[in-house]
């Protein structure tokens, strides 16, 4: 598995954890343990996404620096177009 694929998989896994804990928090919004877990994985996800985007370009609109790069992100391979 390529480094790019490993990094993308990590971003996806951390995003899944955030969604899962977020669903739990929808039912248990006052759970300090769940809130702490969500905050932990939110920070880990943000860091993993930042590292991926610095190496391979933005994953979403939020990662675009249009002032610096224009709309050039469409010229790079999309994450699903990369082959290992």
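Numbering (the working numbering), first residue to last: 29 to 112. Note that beta-carbon positions come from the ideal geometry of N, C-alpha and C, so glycine has one too. Everything numeric in this text was worked out from a predicted model, so none of it was measured.
Rounded to whole angstroms, the gap between the alpha carbons of residue 99 and residue 35 is 23 Å.
For residue 102, no alpha helix (DSSP H) segment is defined, and its DSSP state is neither H nor E.
The C-beta distance from residue 53 to residue 63 rounds to 7 Å, short enough to fall under 8 Å. For residue 60, the enclosing alpha helix (DSSP H) begins and ends at 60-84. When the Cα atoms are used, residue 32 and residue 84 turn out to be separated by approximately 8 Å.
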